[in-house]
Structures are given as C-alpha cells and as structure tokens.
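Chains as they are written, first to last, in our numbering: chain A, 518 to 852; chain B, 7 to 287. Ideal Cβ placement from N, Cα and C applies to all residues, glycine included. Source: prediction; values computed, not measured.
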Amino acid sequence: MLRLIGRRLLAAAPGLAGVIVVTFLLTRALPGDPAAFFAGPAATREAIEEIRRSLGLDKNLTVQFGLYVRDLTRGDLGKSLTTGQPVRSDLISRLPASLELTACGLLLAVALPLGVLAATRPGSWVDHLCRMLTTAGVSLPIFFTGLLLVYIFYFLLGWAPAPLGRLDAFISPPRSITGFFLVDAVLGGDFGEIGAILRQLALPAITLGLFAMAPIARMTRAAMLGVLSSDFIRTARASGLDRRTVLVTYAFRNAMLPVVTTLGMVFSFLLGANVLVEKVFAWPGIGSYALEALIVSDYAPVQGFILTMASLYVLLNLLIDVLYGVIDPRARIEA
Amino acid sequence: MTALLRHGRYVLGENPVTGLAFALFVLLVVLAAAGPWLVPYDPLASNTAEALKPPSHAHWFGTDQLGRDLLSRVVVATRLDLTISICAVMIAFAVGSAAGVTGGFYGGWTDRLIGRVLDTIMAFPLFVLAMGIVAALGNTVANIVYATAIINVPFYARLARSEVMVRREAGFIEAARLAGNRGPRILAMHLFPNCLPPMMVQISLNLGWAILNAAGLSFIGLGVRPPTPEWGIMVAEGAAFIVSGEWWIGLFPGAALMLAVFCFNLLGDGLRDLIDPRRRT
C-alpha cells in the first residue's frame, strides 16, 4: 500500500509542476501589466517602475520563474493588498471554513446511497426520486439551488438562520484548536454551540451535497444495474446467499470501481462549486477571499487561491487512486 | 428530402422527450434571434415608481430594484448567454478536435506533448482555472468565452484522439493511403468525418455545461457587467433580495438558465441514443 502511495505521489509530480507553471504564466506572460496591477489604478509611472523592479519583473521570464519557484518553496505567496497580510496566513486562516463546507457536502452526498437503492428497485419511487434529483443536480445552477433553499428555509419557513457566514454575529466562535468550527465545538463539548454551527452549516452543505450527489448517484445506479445483471450475481443468488451479502459484498464492491473513477471529475466540479456556494452564503472561506481580491484586481491572493485549489485537487486525486487500490486488489498488484 | 423528414419523424417517435427538447431549442433560438423585438419593454429602461413589483398582468415576471421589466430582461438575455456558450463550445471543438486527431494520428512525441498540455489543464478544478484565466486576461465577455473554451478543450481532444486511434489502422484508411493520399489529407477527408457523430453528442452535452459555467462566472462578477441583461448576473442581483422575500428577481433568470441547460442535456442524451443505441439507459 505504501509503495502504491509513493508511486502515485511521483506520478502526481508532473501535474503539480504544470499547475505551478500555468499559475506563473497567468500572472506574468499574459497581456496586462502585473506591476500596474499591484500598484493599483492611481499609481504614477515611477511608482509602477519601482514596483516592477521590486517584484523582479524587469528580469527575463526564466529568471522570474526561478524567483517565483524559490518564493514558493519558502511558502511565500506574496502579500494581499486588501488585507495587508501575507497571502499564506490569510489562506491558512480561511482554509478550514472551505474544507469544513466541502467535506460536509461530500459526506451528505455519499451518505445517501440513492444510486444503490434506485438500482435495486428499478421503476419504484426511489428510482424516480433518484432520476429527478440527478436531473435537477445537473441542470440547476448551484448558486440558484442555494438561493432557492435560502428562500424556502429562511424566508418562508424560518427554519434556517440568515445566510451570513459560519456563525451568527452575536455568538462568539468556539476556542480555536483546529479552525474547523464543528470539530472545535465538539472538543469544547458545548451542545448549544454545536447546534448553532450546524444550523449555519446545514443549507450550504445541502446545496453542495445535492450538486455532488447527482453525478455520484447517476453513476452508482448505472454501475449497480450492470453488476446486478451479471452472471456472478446470479450464481451468488442461486447459491442461496442472503440478499444483504449479495448486495454489499458482491455487487456494491464491484460497482464502486467505475464510480470511484468518476469521483475525480466530481471533485473538480465540487471545488469550483464551492466558490459559488461561499458567495451565496457569505461563507468566509478561501473562495470568497479570492472573490474579494478579484474585484479589486489584487492578484496575489487569487494566485494563491488557484494554487491551493489545484494542490487540493491533486491530493484528492491521490486519495481516489488509493481508494481504488483498497477496493480493487488488481490495482494493488499492478502498482 | 422526404426520406430525411421520415427519418426525423421516426427519431422523434422513438423518444418524445428528444422532440420536446428540440422544440425548446427552437424556442431558445427564436428568442435569441428576435428577443429584442418581441419584448414588451426596454430591458434597460428603469422606472423607479414600479420598482420591486411582484409578477402582475403588466409585468409578467415582475420588476427589479430599478423597476426594469424582468420578462424583457430574461428574454433579451437569451442572445448573450447562447452566444457566449456556443462560441466557447465552437472554439473548444475546433481546437480540441484538431489537437486530438493530430495526436491520435501521428502518435509519438506529438501525442505526448499534446497529452501533457491537456493533463495540465485537467490538473486544475476547471471552474477555478476559468476564474484565473478571466482574472488574468481581463474582465471582459470575450475572455469569458476564451476561458470557457479552454476548460472544454480536453474533453474534445480526448474524444477525438480515441476515435482516431481505433480507426487509424482500419481498411479504408489503408486503401486511401494506397490510392496515394498523404497524411493530412487522410486525416481531414477520411478520418475526421468519421469521428464527427460522437463529437456532436459531446457538443450538445457540453453546451449546457458551458452555459452554467459562463453564468457562474458572471454570477461572481466576472465578464458581463450590469446593466447588461444576462442570466447569471441577474440571479446575482436577485440574490440580495431573496432574504427579504422578493423571489421573482432571482427566480426567473435562474429558471431560464435551468431550462436552457436542461434542453441541451436532453438533446445530447437524445442524440447519443440515436448514434449509439447500446448506451441507452
């Protein structure tokens, strides 16, 4: 297993290198003057020249790339003009909010084995529900789903709190240990606090969950239908194995393989959707941080955000590979 | 001509949903083409006396915070949204299929180089990459088109490559070569046309996604600027009023967006069934 992980890490290296090159090119080689960007709209010509020198932009592209990589290895992502803080510390303080949201959304999507239920009872109400949810999940813009949920559960029913961030403004956040409010609150053991956090988290997490569930349920259903009609399942049933064993041990494990393969695409969409959901719910994660910076053309935070997201995505793909190895012994032997 | 019509009727009879999707598509095209002449009000004219009015007989979709008629805005926006996504998909199709067929046909280092570039695009979460591209190139509608095109290129390239790979050694290619055709000619005249059917399905499925993507970008404030009517930015404008109960400002443009995506997805599914009956679900 460790060898597999090591090998996959090596295989992920070129991808990561590509990501670094592209983020570099996005800032430097494209039309538009980054020095003017960093200097702001009101800067004089001399000020822009000065910034150009201090950023090393007067040197040629290869030297600049070297400097950029050197800064990256030191963990230096530049400074944000809007917050005045180093981008790295900004990102670190806001990353838990995004991760908490994405993880909860994904957990919601995975926890409901809708695809499995639909495949075992084709044509039943579960199947129809599954088809409805997957169609809605692919056709509804995620920001629109979020707003609909806010309208129904906040304005009409009053069940959910206002969509304004991770915690009500009048409640102080839990003592920070991990930065994940939910984990911190559980560690603190205050049930009122846990409830308040969950209430804020519910709608954005459900929005993301619905979005992630659509492709997962669709794939699961198709894969389960395929597996359930195969010979080895018929043999297992004919041998008198109980329904549960046939479904879980035999069918589910085999059906998971194509589903895990498509998880990569799901993660790609999920990380992008995260930005939109953060905007709808004023969630103080790295997505809304990047958006605030985008509006004022503050490039360093945007660049840091893209790098963080791409690294996260590479890590998630690594996780998928490992998961694949766990489910399918053949993948382990090949590695 | 009659044979074509008969075939069309057969196809629609086979799957009425595809017929519905096609009707919806025609409606969208008509609205995009003739929208500005069909609407009852000027989509940009504000009228503060009529601001934030719910749907009524005079304003079917209600009015927004500046008293602009939402029906007119939603209809007029069709053209911009469709143009952005269709242009993006066309560029992605042209670049992607050219790269894909070249890589698949010549193989070797050409293929590896193209593959590397595509892998690099796919190493990003795609929407995030699109955000970065628009932020770097500048905040314009044209750049939304380019960004959406770039993130769609890998899908076409991979499809075209695999389609060419399976046909590269086929008998009719061998025959064309023996008849004295050169590589580029074989590629363009014999291989590429044979790869088109699955690519068309991909285009249709992709259009829906391209619309969502472009609307997402304008929702976060990239590209399209107010007061231009565009579905994504209109939903963003409506977002502020959802919490105070003015649901119609965000709902109607969002519903239009959903309908367009839905239409392209159904159309794509229908086309796929038509071309490859085995993949029917």
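Worksheet entry | Unbroken alpha helix (DSSP H) run spanning Glu-243/B, endpoints | Position 237 of the second sequence, counting from 1, holds the residue named residue 243/B. Segment 237-248, the alpha helix (DSSP H) holding Glu-243/B.
Practice prompt. Taking all protein chains shown into account, decide if Met-782/A is buried (16 or more other Cβ within 10 angstroms of its Cβ) or exposed.
Written response: Numbered from 1 along the first sequence, position 265 holds the residue referred to as residue 782/A. It is exposed - the Cβ of Met-782/A has fewer than 16 other Cβ atoms within 10 Å.
Item to complete: Ignore the nearest five residues each way along the sequence and tell me which others in Leu-829/A's own chain have a CB closer than 7 Å to its CB.
Response: The residue you call residue 829/A lines up with position 312 of the first sequence. Answer for Leu-829/A: Leu-788, listed in chain order.
Worksheet item: Which class does Lys-796/A belong to by DSSP, given the choice of helix, strand or coil?
Response: Working through the first sequence from its first residue, we reach residue 796/A at position 279. If DSSP states are grouped into helix, strand and coil, Lys-796/A belongs with the helices.
Worksheet item: Does the beta carbon of Phe-822/A come closer than 9 Å to any beta carbon on chain B?
Response: Within the first sequence, residue 822/A is the residue found at index 305, counting from 1. Taking Cβ atoms only, chain B reaches closer than 9 Å to Phe-822/A, which makes this a yes.
Fill in: CB-CB length for Phe-660/A against Val-839/A, believed under 8 Å
Here residue 660/A refers to the residue found at position 143 of the first sequence. Here residue 839/A refers to the residue found at position 322 of the first sequence. That belief does not hold up - the Cβ atoms of Phe-660/A and Val-839/A are roughly 33 Å apart, past 8 Å.
Worksheet entry | Per-residue DSSP class, three states only, for Asp-575/A | On the first sequence, residue 575/A is found 58 positions in, with the first residue counted as 1. Here Asp-575/A sits in coil by DSSP.
Practice prompt. Return the Cβ separation of Val-47/B and Asp-75/B in integer angstroms, given the expectation that the two are a contact with Cβ distance under 8 Å.
Written response: Position 41 of the second sequence holds residue 47/B. Position 69 of the second sequence holds residue 75/B. First, the amino acid is wrong: residue 47/B is Tyr here, not Val. About 4 Å separates the two Cβ atoms, so the contact holds.
Discussion item. Comparing C-alpha positions only, which one of Gly-260/B, Gly-276/B, Val-241/B, Asn-212/B sits nearest to Ser-91/B?
Written reply: Start at 1 with the first residue of the second sequence, and residue 91/B comes out as number 85. That would be Asn-212/B, whose Cα lies nearest to the Cα of Ser-91/B.
Discussion item. Can you pull out the residues from the segment 268-281 of chain B whose beta carbon lies closer than 7 Å to at least one beta carbon of chain A?
Written reply: Phe-268, Asn-271
Item to complete: Return helix, strand or coil for Asp-748/A, following the three-state DSSP convention.
Response: Reading the first sequence from its first residue, position 231 is the one you call residue 748/A. Helix, per DSSP.
Item to complete: Take the Cβ of Ser-78/B as the centre, count every other Cβ of all protein chains shown within 10 Å, and call the residue buried at 16 or more, exposed below.
Response: For the purposes of this step, residue 78/B is taken as the residue at position 72 of the second sequence. So Ser-78/B counts as buried.
Worksheet item: Could you give the distance in angstroms between the alpha-carbon of Ala-772/A and the alpha-carbon of Gly-743/A?
Response: Residue 772/A sits at position 255 when you count from the first residue of the first sequence. Residue 743/A sits at position 226 when you count from the first residue of the first sequence. Looking at the two C-alpha atoms, the distance is approximately 8 Å.
Worksheet item: For the putative contact between Val-80/B and Phe-67/B, defined by C-beta atoms under 8 Å, what is the C-beta separation to the nearest angstrom?
Response: Working through the second sequence from its first residue, we reach residue 80/B at position 74. Working through the second sequence from its first residue, we reach residue 67/B at position 61. Indeed, because the Cβ distance is near 6 Å, the residues count as touching under 8 Å.
Fill in: Phe-178/B classed as buried or exposed, judged by whether at least 16 other C-beta atoms fall within 10 angstroms
Your numbering for residue 178/B matches position 172 in the second sequence. Under this definition Phe-178/B is an exposed residue.
Fill in: Cα-Cα separation between Gly-696/A and Ala-245/B, rounded to whole angstroms
On the first sequence, residue 696/A is found 179 positions in, with the first residue counted as 1. On the second sequence, residue 245/B is found 239 positions in, with the first residue counted as 1. Rounded to the nearest angstrom, the two C-alpha atoms are 29 Å apart.
Worksheet item: Do you know whose CA, among Pro-531/A, Pro-732/A, Leu-543/A, Leu-527/A, lies nearest Gly-821/A's CA?
Response: Here the question's residue 821/A lines up with position 304 in the first sequence. Of Pro-531/A, Pro-732/A, Leu-543/A, Leu-527/A, the residue nearest in Cα terms is Leu-543/A.
Fill in: Span separating the alpha-carbon of Pro-531/A from that of Arg-591/A
If you number the first sequence from 1, residue 531/A lands on position 14. If you number the first sequence from 1, residue 591/A lands on position 74. The straight-line gap from Cα to Cα measures roughly 20 Å.
Worksheet item: Counting along the chain, where does the alpha helix (DSSP H) carrying Glu-252/B start and finish?
Response: Within the second sequence, the letter at position 246 stands for residue 252/B. That residue, Glu-252/B, is in no alpha helix (DSSP H); it is neither H nor E in DSSP.
Worksheet item: Whose C-beta lies closer than 7 Å to the C-beta of Ala-702/A among residues of the same chain, with five residues either side of it excluded?
Response: Mapped onto the first sequence, residue 702/A falls at position 185. Correct list, in chain order: Pro-691, Glu-710, Ile-711, Ile-714.
Item to complete: Report all residues from its chain with a CB closer than 7 Å to the CB of Leu-811/A; omit the five preceding and five following residues, and keep chain order.
Response: Numbered from 1 along the first sequence, position 294 holds the residue referred to as residue 811/A. Excluding positions up to five away in sequence, the list reads Val-819.
Worksheet item: Does any C-beta atom of chain A lie closer than 9 Å to the C-beta of Leu-34/B?
Response: By one-based count along the second sequence, residue 34/B stands at place 28. Chain A contact via Cβ: absent.
Practice prompt. Kindly provide the ranges of any alpha helix (DSSP H) runs that are 4 or more residues long and lie completely inside the segment 636-692 of chain A, ordered along the chain.
Written response: 642-656, 659-667
Practice prompt. Determine which residues of the segment 116-129 of chain B have a Cβ less than 9 Å from any Cβ of chain A, and write them out in chain order.
Written response: Arg-122, Val-123, Asp-125, Thr-126, Ile-127, Met-128, Ala-129
Fill in: Minimum Cβ-Cβ distance from Leu-664/A to chain B less than 9 Å
What you label residue 664/A is simply residue 147 of the first sequence in a count that begins at 1. Output row for Leu-664/A: interface = yes.
Worksheet item: Is DSSP giving Asp-70/B helix, strand or coil here?
Response: As a first step, residue 70/B is located in the second sequence; it is residue number 64 there, counting from the start. Asp-70/B: coil per DSSP, three-state reduction.
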